[in-house]
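Shown next, in structure tokens, is the structure this report addresses.
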Amino acid sequence: MSDASVSATGLLATAVAALGGTERAGQLTMATAVEHSLHSGEHLVVQAGTGTGKSLAYLVPALAHAIEQSSPVVVSTATIALQRQLVDRDLPRLAEALAPSLARKPRFAILKGRGNYLCLNKLHNGAASDQEVPDTLFEPFAASALGRDVQRLNDWAESTKTGDRDELKPGVPDRSWSQVSVSARECLGATRCPFGTECFAELARLEAGQSDVVVTNHALLAIDAIADINILPEHDAVIVDEAHDLVDRVTSVATQELSAVGLTVTIRRIGRLVSPETASRFEASSATFSSLIHDSRPGTIDRADEETVTYLTALRDAAAAARTEIPTGQSTDPATASARTEAVAALDDIVDAASLALACWAEPDITARPNVVWLDHEDNRGSIRPVLRIAPLSVAGLLRTRLFGQRTVVLTSATLALGGRFDAMAASWGLPAREPAADSPTEIKATWHGIDVGSPFQHEKSAILYLARHLPAPGRDGVGAATLDEIETLVRAAGGRTLGLFSSMRAAKEASEVMRGRLETPVLCQGDDATSILVEQFSADPQTSLFGTLSLWQGVDVPGPSLSLVIIDRIPFPRPDDPLRAARQRAISSRGVMGSWR
């Protein structure tokens with residue numbers, strides 16, 4: 001079939017019939033639009049409501065395009081749950097269904113950040129762990145649990161074919177996993193690592209390079225596009241699902257931070273690699289800076305006082321001095337090479353973060369600053385964990401030049417339009433607020449258009465909204481007794497089958513613990529195991545309930561009777577005192593009501 005729209009229509013009909021589904025008008029419209037976008041190079045924004053079946057609507061034309069052009073299409077999601085749905089359920093069935101209609105059977109792969117794969121070099125050579133912070137070294141139970149987990153990981157390493165953390169069942173806590181994983185900056189590189197040919201992360205990249213559709217996450221997409229680190233295979237098209245989260249995820253990747261815990265880890269890493277004088281200088285400057293941020297009030301730091309600038313400058317210079325003393329040449333000893341790489345990565349992060357903060361404060365015009373600096377006081381098991389963060393005020397420019405300027409992009413979500421228009425979201429991505437002329441000489445791949453394909457669901461006829469107005473307003477001290485009683489009543493009435501969404505992990509854990517003592521039906525809680533495993537258990541048993549926090553708000557697909565009731569403890573409005581959001585609002589105001597932060 002030569003006509004693109006006919007091709008999309010026919011392939012989608014084949015897929016829907018093979019999967020036992022029914023035709024949906026919105027899905028057909030979206031598939032046709034995606035096919036046109038991939039062929040024309042015009043960016044596409046699609047708002048597709050719940051029930052549209054948008055994953056099929058973009059996967060079908062993506063697979064066809066990839067095979068036709070012999071070039072992979074990258075599909076990026078915000079949540080692990082949606083990644084697993086695409087790779088474990090949608091793509092295997094689509095590959096089988098579409099194989100007779102395409103030149104060959106489609107191939108697909110999932111590619112994650114390096115820290116999600118077991119590192120054989122770290123496993124065998126025992127490099128230092130980020131998580132070995134002093135307050136856990138003297139806890140016997142924690143130490144023994146860590147030892148058991150590491151032994152499990154050693155045993156698992158002998159049998160796993162992928163090294164993918166999500167395939168370890170049951171899972172292990174982050175602290176345990178950190179003993180056998182490394183970040184991209186800590187990695188020796190395949191050519192220098194003694195396990196380079198066996199590296200699970202490299203094998204995953206190799207598989208991705210041989211695939212038609214590569215499923216990844218927004219963070220990895222951002223690193224590949226923005227940080228000039230070639231992780232994804234060469235590609236000319238990207239489909240961004242859960243696109244409403246793209247700006248926040250890219251911002252997180254671009255955010256730098258300084259914390260007492262991170263500085264303590266760095267002190268350990270450089271101890272035997274630099275002179276005693278340099279180590280003492282770095283340790284002293286770290287202690288002074290850590291004390292400063294511990295005693296300072298959290299919030300945005302628009303103007304830094306002389307003391308803060310002095311201490312941060314001293315820390316930056318001490319880190320830079322230590323960095324120059326660490327040999328950059330190759331070492332024949334893998335453990336030494338790993339130690340050097342990890343130390344250099346940590347010191348580079350400190351120098352970069354400190355330099356960004358100091359440069360920000362040096363600009364007298366706040367509205368002209370590209371970054372915002374603020375101090376967080378995080379709750380770490382009852383103690384304060386101060387973190388200085390530096391984030392870009394906008395990522396629109398980066399996305400415009402590094403993502404949209406290089407390839408065709410399709411962005412989709414259930415919530416993208418504001419007042420029926422896509423301009424506000426497009427501006428945050430770096431796309432022009434209004435569609436430019438097709439022959440505009442100033443923009444590369446700048447043309448775009450948006451469509452809203454609606455939703456087949458009639459929510460007012462298929463769902464009941466219940467507001468418990470008699471309950472007291474939610475507070476900061478956990479879940480109140482009256483709210484717990486209400487949750488029990490509702491879950492009993494539903495016979496389990498409940499997804500509880502809470503505004504904090506503390507509230508989710510408290511509610512799950514109480515319900516386990518009151519209910520006869522099982523209650524799972526996020527954190528008990530890997531999220532994908534918990535969702536599988538929840539879907540398999542209609543009597544089971546699952547409680548969790550924000551990461552379960554989206555990307556979780558539980559068809560059938562297993563999900564009949566959704567409980568939300570409070571609407572997740574953004575914090576009004578969020579420093580980054582406040583700075584962005586200020587930037588918009590400084591440009592006028594119709595301005596945008598780019």
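So in full-length UniProt numbering, spot 535 of the sequence shown is number 535, and the numbers just go up one at a time.
Even glycine gets a Cβ: it sits at the ideal position worked out from N, Cα and C.
Model, not experiment: these values are computed from the prediction.
Please state whether DSSP places residue i in a helix, a strand or coil.
i, result
"histidine 377", "strand"
"glutamate 435", "With a pLDDT of 47 at glutamate 435, under the threshold of 50, the predicted position of this residue should be treated as unreliable, though the coordinate-derived value follows. Glutamate 435 falls in the coil class under three-state DSSP."
"alanine 391", "strand"
"glutamate 186", "coil"
"glutamate 132", "Model confidence at glutamate 132 stands at a pLDDT of 47, short of 50, so the residue's coordinates are unreliable and nothing is read from them."
"alanine 48", "strand"
"serine 55", "helix"
"valine 479", "coil"
"threonine 401", "helix"
"valine 556", "coil"
"serine 76", "strand"
"isoleucine 444", "At isoleucine 444 the pLDDT is 43, less than 50, meaning the model places this residue with poor confidence; the figure from the coordinates comes in the next sentence. In this structure, isoleucine 444 counts as coil in the three-state DSSP scheme."
"serine 70", "coil"
"proline 61", "helix"
"isoleucine 533", "helix"
"isoleucine 487", "helix"
"proline 386", "strand"
"asparagine 116", "helix"
Starting from the Cα of residue i, find the closest Cα among the options and give me that residue.
i, options, result
"aspartate 452", "Val45, Ala530, Glu198", "Val45"
"valine 491", "Ala463, Gln543, Leu28, Ile110", "Gln543"
"valine 60", "Thr50, Val514, Leu38", "Leu38"
"aspartate 302", "Gly10, Ala582, Leu12", "Ala582"
"leucine 220", "Gly115, Val150, Asp541", "Gly115"
"isoleucine 350", "Asp365, Cys360, Ala318", "Ala318"
"valine 387", "Val395, Ser394, His377, Ala396", "His377"
"valine 250", "Ser539, Ser394, Val514", "Ser394"
"valine 87", "Thr216, Ser338, Arg421, Trp553", "Thr216"
"aspartate 153", "Arg185, Ser183, Leu120, Ala184", "Looking at the sequence provided, one finds leucine at residue 153 rather than aspartate. Closest option to leucine 153, Cα to Cα, is Leu120."
"isoleucine 239", "Gly41, Gly26, Leu534", "Gly41"
"tryptophan 553", "Gln526, Gly454, Pro561", "Gln526"
"methionine 210", "Val75, Pro233, Glu510, Leu11", "Reading the sequence as shown, one finds glutamine at residue 210 and not methionine. For glutamine 210, the nearest C-alpha among the options comes from Pro233."
Between which two residues does the beta strand (DSSP E) carrying residue i extend?
i, result
"glycine 548", "545 to 548"
"threonine 452", "For the sequence presented, residue 452 should be read as aspartate rather than threonine. 448 to 454 is the extent of the beta strand (DSSP E) around aspartate 452."
"glutamine 210", "Looking at the DSSP string, glutamine 210 is not in any beta strand (DSSP E), and its letter there is neither H nor E."
"alanine 237", "237 to 240"
"residue 606", "No answer is possible for residue 606: the residues shown for the chain start at 1 and end at 598."
"glutamine 256", "256 to 259"
"threonine 498", "498 to 501"
"valine 523", "523 to 525"
"isoleucine 568", "565 to 568"
When the distance is taken between beta carbons, is residue j closer than 7 Å to residue i?
i, j, result
"isoleucine 568", "leucine 484", "no"
"alanine 254", "proline 392", "yes"
"valine 73", "alanine 57", "no"
"alanine 284", "leucine 312", "no"
"isoleucine 223", "leucine 398", "no"
"glycine 495", "serine 545", "no"
"glutamate 35", "alanine 8", "yes"
"alanine 97", "lysine 105", "no"
"valine 214", "leucine 111", "yes"
"isoleucine 293", "leucine 188", "no"
"proline 456", "arginine 24", "yes"
"threonine 412", "aspartate 241", "yes"
"phenylalanine 547", "alanine 508", "yes"
"phenylalanine 282", "alanine 322", "yes"
"valine 180", "leucine 263", "no"
"histidine 43", "tryptophan 448", "yes"
"alanine 414", "threonine 50", "yes"
"leucine 273", "alanine 346", "no"
"leucine 524", "leucine 563", "no"
Got a sec, what are the start and stop residues for the alpha helix (DSSP H) residue i sits in?
i, result
"isoleucine 110", "Not the alpha helix (DSSP H): isoleucine 110 falls in the beta strand (DSSP E), residues 108 to 110."
"glutamate 283", "276 to 295"
"leucine 120", "120 to 125"
"serine 462", "459 to 462"
"glycine 26", "25 to 40"
"leucine 585", "The sequence given here has glutamine at residue 585, not leucine. First-last of the alpha helix (DSSP H) with glutamine 585: 579 to 590."
"glycine 517", "505 to 518"
"serine 355", "334 to 362"
Would residue i pass as an interface residue toward chain D - the criterion being a Cβ-Cβ separation below 7 Å?
i, result
"threonine 255", "Going by chain labels, chain D is absent from the structure shown, which holds only one protein chain."
**Study point:** Validate contact between the segment 56 to 70 and the segment 474 to 485 using beta carbons, cut 8 Å, 3 pairs
**Key:** Note that the segment 56 to 70 does not touch the segment 474 to 485; fewer than 3 beta-carbon pairs, one per stretch, sit closer than 8 Å.
Check your understanding: For the segment 266 to 278 against the segment 411 to 428, are there 3 or more C-beta pairs whose distance is under 8 Å?
Key -> no
Exercise for review: Could you tell me whether the segment 80 to 90 touches the segment 526 to 538, using the rule of 3 or more Cβ pairs below 8 Å?
Suggested key: The segment 80 to 90 and the segment 526 to 538 touch, with no fewer than 3 CB-CB distances between them shorter than 8 Å.
Review point. If you pair each beta-carbon of the segment 193 to 206 with each one of the segment 154 to 171, do three or more pairs fall below 8 Å?
Key: yes
Review point. Okay, do the segment 295 to 310 and the segment 330 to 340 touch, 3+ Cβ pairs below 8 Å being the bar?
Key: no
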